[in-house]
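Notes for the one structure printed next.
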Amino acid sequence: FPFFRPSPTSNPSTPPLLAPRQTIHDRVQNMKPSLLSGMWLVNKPAGMVSRRVTDRLHAALRPLLAGNGGVPTTRRARRSSGAVLRTGHVGTLDPLASGLLPLVTGSSTKLVDSLQVAPKTYKVGLLLGIQTETDDVAGQVVEETDAARRRASEPRAIEALLQSGRDRIGLACSALVGDRVHRPPAYSAKRVNGVRLYELARALASHRPGAVDTPADVYESTSLHGIITRRSRRRRRVPVPDSEEELQEALQAGMAVAEKQIHVYESSLLDIDVAQRLITFRATVSAGTYARVLARELAADLGVLGTCASLERVEAAGEHLSAAVPIEIIEADLARCASVEDFVESAYYFRPFSTLVQSLPHLLVSIRGAETRDRFLSGATTFVQPGNFVLENDLELPNFMESAESLKATTGFQDGRVLTTIVDRAEQPVFTGFVKIMPESALRSNVQMPPGSLVIKRSKEL
Numbered sequence: 001f002p003f004f005r006p007s008p009t010s011n012p013s014t015p016p017l018l019a020p021r022q023t024i025h026d027r028v029q030n031m032k033p034s035l036l037s038g039m040w041l042v043n044k045p046a047g048m049v050s051r052r053v054t055d056r057l058h059a060a061l062r063p064l065l066a067g068n069g070g071v072p073t074t075r076r077a078r079r080s081s082g083a084v085l086r087t088g089h090v091g092t093l094d095p096l097a098s099g100l101l102p103l104v105t106g107s108s109t110k111l112v113d114s115l116q117v118a119p120k121t122y123k124v125g126l127l128l129g130i131q132t133e134t135d136d137v138a139g140q141v142v143e144e145t146d147a148a149r150r151r152a153s154e155p156r157a158i159e160a161l162l163q164s165g166r167d168r169i170g171l172a173c174s175a176l177v178g179d180r181v182h183r184p185p186a187y188s189a190k191r192v193n194g195v196r197l198y199e200l201a202r203a204l205a206s207h208r209p210g211a212v213d214t215p216a217d218v219y220e221s222t223s224l225h226g227i228i229t230r231r232s233r234r235r236r237r238v239p240v241p242d243s244e245e246e247l248q249e250a251l252q253a254g255m256a257v258a259e260k261q262i263h264v265y266e267s268s269l270l271d272i273d274v275a276q277r278l279i280t281f282r283a284t285v286s287a288g289t290y291a292r293v294l295a296r297e298l299a300a301d302l303g304v305l306g307t308c309a310s311l312e313r314v315e316a317a318g319e320h321l322s323a324a325v326p327i328e329i330i331e332a333d334l335a336r337c338a339s340v341e342d343f344v345e346s347a348y349y350f351r352p353f354s355t356l357v358q359s360l361p362h363l364l365v366s367i368r369g370a371e372t373r374d375r376f377l378s379g380a381t382t383f384v385q386p387g388n389f390v391l392e393n394d395l396e397l398p399n400f401m402e403s404a405e406s407l408k409a410t411t412g413f414q415d416g417r418v419l420t421t422i423v424d425r426a427e428q429p430v431f432t433g434f435v436k437i438m439p440e441s442a443l444r445s446n447v448q449m450p451p452g453s454l455v456i457k458r459s460k461e462l
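Note that UniProt numbering gives residue 83 to position 83 of the sequence shown, counting from 1, and the numbers run on in steps of one.
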């Protein structure tokens, strides 16, 4: 039986001894992140989807993870041999876009929530005079039927704007700074009621009622936290409304539901090309901002039509494009290195997991109730009423705990430290950091706690 383990000193005639059961707390303390767990700084070229870059890194890591035995041919054999490392990316780049694409592997995929909230900086090229369905030059040009919109696309109006000087355009770029209500474009991977917006937009554009038959990997496929789900590239049927009116209504409703407030930290004019009718500007924005939508809004503020002609991400996840390299260089370095240790020491574009977590905050948590504690340590979401967050005397409740509703242990490490995400009622992360589970005996007798509640306090060091 698998739960019996023979004693090292016993002979074959001696009955096997029952192996001691390992508790969840013991397993958490014994967990260690892989040496290849970290963040990879990739310079993505234009014309390649973000998922393709992630797939290439995943394939390049397999021989190094498998060792001298080679890469097994079946997926089950690769998992059992350790030749599989979870891979994802921090923020999706459109196929048209280029620039910095941070990839995360192993335990670092649990840090996506904290990494992608960092401001992002883009260099945007705005082409004046046209507007497309996708808000970039890859989409079809929208026909202008309104008289005001036709005037906004006239070459004379655009030429007069570009020759008016940098002052007017520079002021319009600076006016983008501040809080803005941001509506995602119709051709985006935002999912509303189980259907992605681009699926509704494609069905509306092609006037095909019924289901949309589309390859599952045409657009980016990410989970709630931005981790790429590796699934088979099969074709799937997506149910959508039948009539054109219902499609239009569903698309507009979905875009309205996906609206969010974003913040533009900085926006400045870089260059004006009168001959090409091109404006280049730089913008630093909060997470969830579509730069191509920002380009269209800038053109509208200038009184003309415009669409995104080029897009380059300069900064993301606290890193700069100057530290990134093409995926071809990473593939070549992984193919040449003899061991994981040699690669980690020499790869300047790789940020180890230990470096990424240095700035994360720490909490000390005592959980009353073995069932609640085991549920938390096993990685399951632990729901706790906000009033049940009990603190020791003379300790101030952190601001994020006022709206917290549940905790989720995402992974565990040595010394009982658990990387934890705390979410609010809207399922938005309000805290990502380390939690150390304190024994229940550490609770003071004067602390009154309902069953399953928590005692939480801050800790700089564990």
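Backbone N, C-alpha and C define an ideal beta-carbon position, used for all residues, glycine too.
- Under the 10 Å beta carbon count, A370 is surrounded by fewer than 16 other beta carbons and is classified as exposed.
- Rounded to the nearest angstrom, the Cβ distance from W40 to L65 is 15 Å, too far for a contact under 8 Å.
- A check of alpha carbon separations from I169 across G99, R51, L360, D301 identifies D301 as the nearest.
- Residues of the same chain with a CB within less than 6 Å of the CB of R292, apart from the 5 flanking positions on each side, are D135, D136, C308 in chain order.
- Here Y349 carries a coil assignment [DSSP, helix/strand/coil].
- Secondary structure of P102 (DSSP, three-state): strand.
- For M48, the three-state secondary structure derived from DSSP is coil.
- Bounds of the alpha helix (DSSP H) holding L251 are 244 to 257.
- About 6 Å separates the CB atoms of R180 and V264; that is less than 8 Å, so the two are in contact.
- Burial of L356 is indicated by the presence of at least 16 other C-beta atoms within 10 angstroms of its C-beta.
- At the C-beta level, A60 and A335 come within 9 Å of one another.
- The C-beta distance from L115 to P102 rounds to 7 Å, short enough to meet the 8 Å contact threshold.
- Beyond the five residues adjoining it in sequence on each side, T121 comes within less than 6 Å, by CB distance, of T284, V314, E315 in the same chain, given in chain order.
- CA-to-CA, the gap between S153 and P185 works out to about 21 Å.
- Assigned with DSSP and collapsed to three states, V325 falls in strand.
- The beta carbons of A250 and L200 sit closer together than 9 Å.
- In its chain, beyond the 5 residues on either side, L41, L100, P102 have a beta carbon closer than 7 Å to the beta carbon of E319.
- With 16 or more other Cβ atoms inside 10 Å of its own Cβ, Q131 counts as buried.
- Beta bridge pairing from DSSP links R168 with no other residue.
- DSSP places T121 in the strand class (E or B) of the three-state scheme.
- In the three-state scheme derived from DSSP, where H, G and I count as helix and E and B as strand, T109 is classed as helix.
- Note on geometry: alpha-carbon atoms of R183 and A258 lie some 7 Å from one another.
- Assignment of beta-bridge partners to I437 by DSSP yields V365.
- Take Y198, set aside five residues on each side of it, and the residues of its chain with a beta-carbon closer than 8 Å to its own are A186, Y187, S188, A189, Y219, in chain order.
- With respect to the 9 Å criterion, C173 and L269 are classified as neighbours on the basis of their beta carbons.
- In summary, N193 is exposed, with fewer than 16 beta-carbon neighbours lying within 10 Å of its beta-carbon over all protein chains present.
- Looking only at R296, F281, F343, the smallest Cα-Cα distance to V304 is reached by R296.
- Per DSSP, reduced to three states, the secondary structure at Y265 is strand.
- CA-to-CA, the gap between G38 and A347 works out to about 12 Å.
- Around the Cβ of G88, a 10 Å sphere holds 16 or more other Cβ atoms; the residue is buried.
- Just so you know, the alpha carbons of R282 and I367 end up roughly 48 Å apart.
- A275 carries a coil assignment under DSSP once its states are collapsed to helix, strand and coil.
- In the DSSP assignment, D179 falls within the beta strand (DSSP E) that extends over 178 to 182.
- If you draw a straight line from the Cα of T372 to the Cα of I437, it comes to about 12 Å.
- Judged by beta-carbon spacing, L364 lies within the 9 Å limit of V435, meaning their Cβ atoms are closer than that value.
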